[in-house]
Amino acid sequence: MQTLDCIRQRRSIRRFLDKDVPDNIIIKALNAGLHAPSSRDCQPWHFVVVREKQIRKKLADIKGEDNIKPIMSAPVVVIVCVDIDASPSRWIEDGVCATENLLLAAYDLGLGSVYITGSKQSKPEIAAAIQKILGLPSKVMPVTILPLGYPHPKEQLQAKELRALDEVLHLEGW
Ligand SMILES: Cc1cc2nc3c(=O)[nH]c(=O)nc-3n(C[C@H](O)[C@H](O)[C@H](O)COP(=O)(O)O)c2cc1C
81 MQTLDCIRQR RSIRRFLDKD VPDNIIIKAL NAGLHAPSSR DCQPWHFVVV REKQIRKKLA
141 DIKGEDNIKP IMSAPVVVIV CVDIDASPSR WIEDGVCATE NLLLAAYDLG LGSVYITGSK
201 QSKPEIAAAI QKILGLPSKV MPVTILPLGY PHPKEQLQAK ELRALDEVLH LEGW
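Counting from 1, position 91 in the sequence shown corresponds to residue 171 in my numbering; the numbering is continuous, with no gaps.
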């Protein structure tokens, strides 16, 4: 798939087929995460792969109603984490860059996914609870939770209306 087609066509998928995703496909998506840009090229990420239903249930309960369906219907959930000792001031950006690579790679590999926030400044208890569920060291923060699976054909996506480029483009200054 052409890169620009992948970027243009990717959408958030929240409902998945009851069909497993082979490890080699997950590994390909994770490898795309490794290529993300990071501050000072510190590459501070860790990826926790969860298939176990009981663990997914605990994550879903923490993330609340809207996120229960995607986390529970996906066969695999990847939690993108970052070592904040390796990236003390840029850890969220670093984790989000890896996340975007994973989302695009997943689409290219025929999978669906959706960005679910793992760390919110206004609600630190969410990250703390995820750390506890996954046994993360205190210096490892969960940035995003990414359900991965084959998109369910009944997933109803509203057409997405993009902002016009000329609304957001400013030449030589604002
Ligand atoms: C910072 C951020 C947080 C998000 N949090 C959630 C979330 O908690 N649950 C969810 O279903 N989608 C979440 N999303 C996905 C957005 O809803 C989605 O990307 C947006 O509606 C645009 O749709 P698209 O991804 O299909 O283009 C989040 C996206 C971003 C960038």
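By construction, the Cβ of each residue, glycine as well, lies at the ideal position given by its N, Cα and C atoms.
Asked                                                                                                                                                                                              : Found
Leaving out five residues on either side along the sequence, give the residues of the same chain with a beta carbon under 7 angstroms from the beta carbon of K330.                                : Nothing about residue 330 can be read from this structure; the chain reaches only from 81 to 254.
Rank V129, C161, Q134, D188 by C-alpha distance to the C-alpha of G84 and give the top, closest one.                                                                                               : The amino acid at residue 84 is misidentified as Gly; the sequence shows Leu. If we check each option's Cα against that of L84, D188 comes out closest.
Using a Cβ-Cβ cut-off of 6 angstroms (strictly less than) and excluding sequence neighbours within five positions of Q211, which residues of its own chain qualify?                                : none
Which term fits L245, buried or exposed, when burial requires 16 or more other beta carbons within 10 angstroms of its beta carbon?                                                                : exposed
Grab the span of the alpha helix (DSSP H) containing L110 for me, first residue to last.                                                                                                           : 103-114
So, at 8 angstroms on beta carbons, what are the nonlocal neighbours of R95 in its own chain, with the 5 sequence-adjacent residues on each side left out?                                         : K149, P150, S153, P231, H232, K234, E235
Apply the 10 Å Cβ neighbour rule to I106 and answer buried if 16 or more other Cβ atoms are within range, or exposed otherwise.                                                                    : buried
Run the proximity test for S193: is its beta-carbon closer than 7 angstroms to any non-hydrogen atom belonging to ligand 3?                                                                        : Questions concerning ligand 3 fall outside what the structure shown contains, since the ligands it does hold are ligand 1.
Just mark S118 as buried or exposed, buried being the case when its beta carbon has 16 or more other beta carbons within 10 Å.                                                                     : buried
Out of D174, G192, E173, I87, which one is the CA nearest neighbour of K99?                                                                                                                        : G192
Please go through the same chain and pick out, in chain order, the residues whose beta-carbon is closer than 6 angstroms to the beta-carbon of L97, but skip the five residues on each side of it. : Y230, H232
When the Cβ atoms of the segment 108-117 are set against those of the segment 138-149, are three or more pairs found closer than 8 angstroms?                                                      : no
Mapping the DSSP letters down to three states, classify D98 as helix, strand or coil.                                                                                                              : coil
Is the Cβ-Cβ distance between G198 and P222 less than 8 angstroms?                                                                                                                                 : yes
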